[in-house]
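Enquirer: The numbering of the sequence shown is my numbering, which starts it at 33 and goes up by one.
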Amino acid sequence: MDEVKIVKAWYDENSESEWNRLEGFRFEFEITKVMLDRHMKPGKILDIGGGAGRYSIYLASLGYDVTLVDLSDSNVALAKKKALELNLNIKAYQADARDLSTLSLEQYDTVLVMGPLYHLFSEEDRKKCILEAKKYLKDDGVLFASFISLHAGYLYYLSECPEKILEETALDYFDCMEQGKSWSGNAFTEAIFIEVDEIEPFFTQLGFSKITLFGQEGVTGPRLSTIESSSDEVKDYYLKLSLKLCERKKYFPYSHHMMYVGKKNKNS
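Listed below in structure tokens is the structure:
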């Protein structure tokens with residue numbers, strides 16, 4: 033079974049967990065919402081790999097016309113259910129991010145790719161995904177694309193399970209980290225952890241101009257669980273601090289996830 037089939041099966045079984053995940057990771061959600069609000073263009077949004085719909089539903093609540101696409105049938109069904117419960121209207125379809133040709137999609141002002149690039153091991157597949165997103169993005173439209181950072185594994189071992197550093201998977205991961213190259217393998221499911229320096233050149237070659245690159249957890253990654261369980265006053269301070277620092281390259285290693293924001297070049 034290839035990684036995409038494994039990933040689909042995992043999300044089909046864990047759609048509720050996917051919906052609940054961002055409740056436990058407030059910083060990722062709140063920082064990303066601020067950046068969406070800051071850089072999105074008015075108009076229609078395509079959310080590719082939108083999971084159970086957390087961001088789609090947030091954007092629909094602001095009045096945006098949102099279309100969600102996800103690999104998992106369970107995620108799509110849950111996104112529709114959650115939107116209905118909140119009396120919000122989103123369109124949601126099942127499809128593979130590498131090929132959306134079966135859907136009757138329009139041109140969009142903003143496209144989100146916040147999930148598929150976590151799981152596509154080959155650069156060829158990652159290019160297919162972004163070129164497919166680009167196909168439905170208007171000239172000068174804005175793309176938001178997120179990755180699991182190569183640093184995420186280290187941050188997880190450091191804060192959650194330091195004893196696992198001696199396991200074979202960890203040793204292989206740290207070998208890649210030492211060499212400064214991306215690692216792929218079994219994590220929470222099949223996943224790829226991207227070397228941050230690879231991100232901007234990847235999009236440049238595909239016809240995008242960078243607006244910004246930021247760490248989605250800001251500077252909270254090394255002690256994320258501890259900070260998440262702190263008082264609201266403490267969390268608010270860390271959120272403000274993270275928003276000030278999340279776009280500074282020297283603080284990227286403090287985040288589990290990275291997000292690239294770029295503009296589609298005209299006639300590219």
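Cβ atoms here follow ideal geometry from the backbone N, Cα and C, with glycine treated the same way.
1. Should Thr236 be labelled buried (16 or more other beta-carbon atoms within 10 Å of its own) or exposed?
2. Is it true that the CB of Ala84 sits closer than 8 angstroms to the CB of Ala111?
3. Are Gly212 and Glu227 touching if we call contact CB-CB under 8 angstroms?
4. Going by DSSP, which residues form a beta bridge with Leu175?
5. Starting from Phe301, trace the alpha helix (DSSP H) both ways and give me its first and last residue.
6. Can you list the alpha helix (DSSP H) stretches of 4 or more residues lying completely in the segment 53-104, in chain order?
7. Once DSSP output is grouped into helix, strand and coil, what is the label at Gly247?
8. Quick test of your reading: Ala165 and Val145, contact by CB under 8 angstroms. State the CB separation rounded to the nearest angstrom.
9. Are there 16 or more other CB atoms within 10 angstroms of the CB of Leu203, so buried, or fewer, so exposed?
10. What are the residues that DSSP puts in a beta bridge with Tyr125?
11. If you draw a straight line from the C-alpha of Tyr186 to the C-alpha of Val293, how long is it?
Expert: Looking at the coordinates:
1. Only exposed fits Thr236, as fewer than 16 other CB atoms lie within 10 angstroms of its CB.
2. For Ala111 and Ala84, yes; Cβs fall inside 8 angstroms.
3. Yes, these two residues count as a Cβ contact at 8 angstroms.
4. Residue pairing by DSSP places Leu175 opposite Val143, Gly294 in a beta bridge.
5. Coverage of the chain is limited to positions 33 through 300, which leaves residue 301 absent and any answer about it impossible.
6. Correct list: 58-71, 86-93.
7. Strand, per DSSP.
8. About 5 angstroms; that satisfies the 8 angstroms criterion.
9. Exposed, because fewer than 16 other Cβ atoms sit within 10 Å of the Cβ of Leu203.
10. In DSSP, Tyr125 forms a bridge with Val101.
11. Straight-line Cα distance between these residues: approximately 25 angstroms.
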